[in-house]
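For reference, the structure discussed in these notes is given below.
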Amino acid sequence: MCGIVGAVAQRNIVPVLVEGLRRLEYRGYDSCGVAVLSNGEPRRARSVARVADLDEQVVRETQLSGMTGIAHTRWATHGAPVTHNAHPIFSRDTVALVHNGIIENYEALREMLRGKGYEFVSQTDTEVIAHLIHSMYRGDLFQTVRDAVQQLHGAYAIAVIHKDQPHTVVGARQGSPLVVGVGEGENFLASDALALAGSTDRFAFLEEGDVVEITLEGVKIADRDGLPAQREVRVVSAYGGAVELGPYRHFMQKEIFEQPRAITDTIPQSDSFDADLFGEKAAGVFSEIDSILILACGTSYYSGLTAKYWLESIAKIPTQVEIASEYRYRESVPNPKSLVVTISQSGETADTIAALKHAQSLGHKHTLAICNVATSAMVRQTELAFLTHAGTEIGVASTKAFTTQLTALFVLAVTLAKMRGFVDAKREAAYLAQLRHLPAALNSVLALEPQIIAWSEEFARKENALFLGRGLHYPIALEGALKLKEISYIHAEAYPAGELKHGPLALVTEAMPVVTVAPNDALLDKLKSNMQEVRARGGELYVFADADTRIVSEDGIQVIRMPEHYGALSPILHVVPLQMLAYHTACARGTDVDKPRNLAKSVTVE
Ligand code: AGP
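Using UniProt numbering, the letters of the sequence shown map in sequence onto residues 1 to 606.
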């Protein structure tokens, strides 16, 4: 999604702004731009290519330079990704503005501003904000933005400069992220602290409705009621390494291989599964609840679907899993004794946050976030939180965030099971031992990469694929299909294998590769029958089989042998070869793996 960077300094900040955009590239974008006050005038450069192209323009072609500026990566919502829609957007060569989010009442505002003589040169909703601020400006940009945002409906984070205030950038946020970076005699704004790695490690995280002014001297914040506000300044480090690729071709590949480390960091240090892993109040909350409602999107939703099996089989607690964007708009029956669990890598996904707020508005008082970003809006919005320690995930396709979410959700299931008397000390120790051995088991799965590369050459020539799984591994099949379509653009669908004969079997021909997740669990014999249904129609099976399943390669069946069955934690092992299959197929097709077309990393708009 769109990324914002802003800076006020006593040096040329164009390199800082462009570097910030480079660090935000992972969020996904289709155009970018930068504007600075240069000799008292706003000047800008914009590109519909990559940030590297913008860099080329500002360094070689325009030699743009200035000490106050804003920059943006745009993910188009209103208006095509063409130069005149790229931000920064100007108003009468006086105001320059960048925006992340969607202004819902932009049409009414545009008519009102046209009535005042403003001309619109873009198709963006953003242009109304620039003209609105221009029309309301009376010498104080901070006050003007505070007044102007009162007229905006929707979600936004903005950063704005005005030619008459040469050392000032004003920002505001409502529903989209914005952080303040605090430096020495210089200050910054950004959508994500990662953008400012190398410039500062001190950050203040703005609250919903905040308006902020940064100058050389300091930072001034007003809250949603217009009252002066202080936001704690925290030191956030260790961001630097995340944007370095090291020996890998893509961030996705790096992140797949980081999974043993990420899971090690996410497994609790303690020798028992205790409620306080989820927050001080968790013991009280967990003893009150009688069910669980999981809300999430995309890959995070699939981790929730997997967790349902654990929560119901290990902790015997009824669990419902809902797609956040559906839940937020449907009429549901709230149960105040249910624990609402939101799952998110970013903690900024607009649909999941809205679903959480919707649940709260219906009277759900117990909420838990499973999230990878400690400072995110989601973690601030819930009563309890469990942080996954995946580290920054740059690739748009989620990998290590998924397996660390599964790890966290397994810890939740065993913790609840223990409290509810379904897990004794012996079983608890066995679960812990299995969790701690997981990173080593994952390393043996990662070693399958050469065999997966061989398969990917064949997949790269296909246009469709089916994924099959059963039980606990059905959500893993769903995730495998999502990974493949997301980055290789091959149409892929996942089914619980028992559903094949109820429709999708009609698609099976020699041209249809059928990827099968085959753990040695209670459903193995059923799965083998489903595989025969495919073979009988000439379908080609590509099977990831546990070593102890006795499924062997034969005519029309290719097998990659996984380690022996890993019990309840098996889904965490089985998803990894599917990630690698998607990755190498995408590489073979030559797609932009880390930034697949039309997608964004952090989906901060509805
Ligand atoms: C997965 O590969 C995705 N890119 C996407 O489905 C993602 O999981 C979804 O948008 C939710 O994001 P979140 O975990 O940051 O909330």
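Where is the CB? At the ideal position from N, CA and C, for every residue including glycine.
CB of residue i within 7 Å of CB of residue j, strictly
| i | j | result |
| --- | --- | --- |
| E348 | S91 | no |
| T68 | P177 | no |
| L189 | T168 | no |
| P571 | P439 | no |
| S191 | I4 | yes |
| R231 | G209 | no |
| L362 | I289 | no |
| R589 | A460 | yes |
| P88 | G171 | no |
| R173 | A157 | yes |
| T415 | A275 | yes |
| I129 | H99 | yes |
| R46 | T94 | no |
| R27 | A397 | no |
| A355 | Y329 | no |
| Q558 | K483 | no |
| L478 | Y302 | yes |
| T392 | E255 | no |
| E493 | A481 | yes |
| R202 | V179 | no |
| A204 | I314 | no |
Close-in-space but distant-in-sequence residues of the same chain around residue i (CB under 8 Å, 5 per side omitted)
| i | result |
| --- | --- |
| E383 | G279, K281, V285, K365, H366, T367, L368 |
| residue 608 | Missing from the structure shown is residue 608; the chain here goes from 1 to 606 and no further. |
| F257 | Y248, L446 |
| A359 | L293, L295, Y327, P334, V340, T367 |
Neighbourhood of residue i by C-beta distance below 7 Å, restricted to the same chain and skipping five residues each side
| i | result |
| --- | --- |
| E104 | H153, G154 |
| A425 | none |
| R146 | V211, A222, G226 |
| R17 | In the sequence under discussion, the amino acid at residue 17 is Leu, which differs from the Arg named in the question. Result list for L17: V5, A7, V34, G69, A71, in chain order. |
| P336 | G363, H364, K365 |
| T200 | G181, V182, G183, F188 |
| N530 | L468, A497, G498, L500 |
| D53 | S47 |
| L505 | E533, R537 |
| T591 | I487, S488, Y489 |
| H584 | I452, I453, S456 |
Close beta carbons around residue i, own chain, < 6 Å, minus the five adjacent residues each side
| i | result |
| --- | --- |
| G6 | I70, A159, V169, L189 |
| N372 | Q345, T388, A390, A401 |
| G539 | V508, M512, V514 |
| L442 | Q259, P260 |
| S376 | G347, E348 |
| I343 | A296, S300, S303, G304, I370, Q405 |
Interface flag, residue i vs chain B, CB-CB below 7 Å
| i | result |
| --- | --- |
| I353 | Among the chains of the structure shown, chain B does not appear; only one protein chain is present. |
- Counting pairs of beta carbons, one from the region 533-546 and one from the region 420-427, are three or more of them closer than 8 Å? A contact is defined here as three or more CB-CB pairs under 8 Å, and the region 533-546 fails this definition with respect to the region 420-427.
- Count the CB pairs spanning the region 317-332 and the region 288-298 that are closer than 8 Å, and state whether there are at least three. Result yes; three or more Cβ-Cβ pairs closer than 8 Å.
- Message: When you compare the region 14-28 with the region 192-204, are there three or more beta-carbon pairs, one atom per stretch, that lie closer than 8 Å?
- Response: Verdict: yes, contact present.
- For the region 71-91 against the region 121-135, are there 3 or more C-beta pairs whose distance is under 8 Å? Judged by Cβ distances under 8 Å, the region 71-91 makes contact with the region 121-135, as three or more pairs qualify.
- Item | Three or more C-beta pairs below 8 Å linking the region 523-543 and the region 497-507 | Under the three-pair Cβ rule at 8 Å, the region 523-543 counts as touching the region 497-507.
- the region 467-476 contacting the region 518-532, beta-carbon criterion three pairs below 8 Å: Output reads yes: the region 518-532 touches the region 467-476.
- Task: Indicate whether the contact test is met: 3 or more Cβ pairs, each with one atom in the region 427-438 and one in the region 256-273, closer than 8 Å.
- Result: By the Cβ rule, the region 427-438 counts as touching the region 256-273, because three or more pairs are nearer than 8 Å.
- Task: Only counting runs of 4 or more residues, tell me where the alpha helix (DSSP H) segments fall wholly within the UniProt domain "SIS" (455-596), in order along the chain.
- Result: Fully enclosed alpha helix (DSSP H) runs of 4 or longer: 474-488, 524-536, 570-589.
- Which runs of the beta strand (DSSP E) fall wholly inside the region 84-163 and span at least 3 residues, in chain order? Every beta strand (DSSP E) stretch that sits fully inside the region 84-163 and reaches 3 residues is listed by chain position as 89-91, 95-103, 154-162.
- Query: Going along the chain, which unbroken runs of the alpha helix (DSSP H) with 4 or more residues stay wholly within the UniProt domain "SIS" (282-422)?
  - Reply: Listed in chain order, the complete alpha helix (DSSP H) runs (minimum 4 residues) inside the UniProt domain "SIS" (282-422) are 282-288, 298-313, 324-327, 350-361, 377-381, 400-419.
- Could you pull out every unbroken beta strand (DSSP E) segment of at least 3 residues lying fully inside the region 175-229, listed in chain order? Restricting attention to beta strand (DSSP E) runs no shorter than 3 residues, the region 175-229 encloses them at 179-182, 187-190, 202-205, 211-215, 219-222, ordered along the chain.
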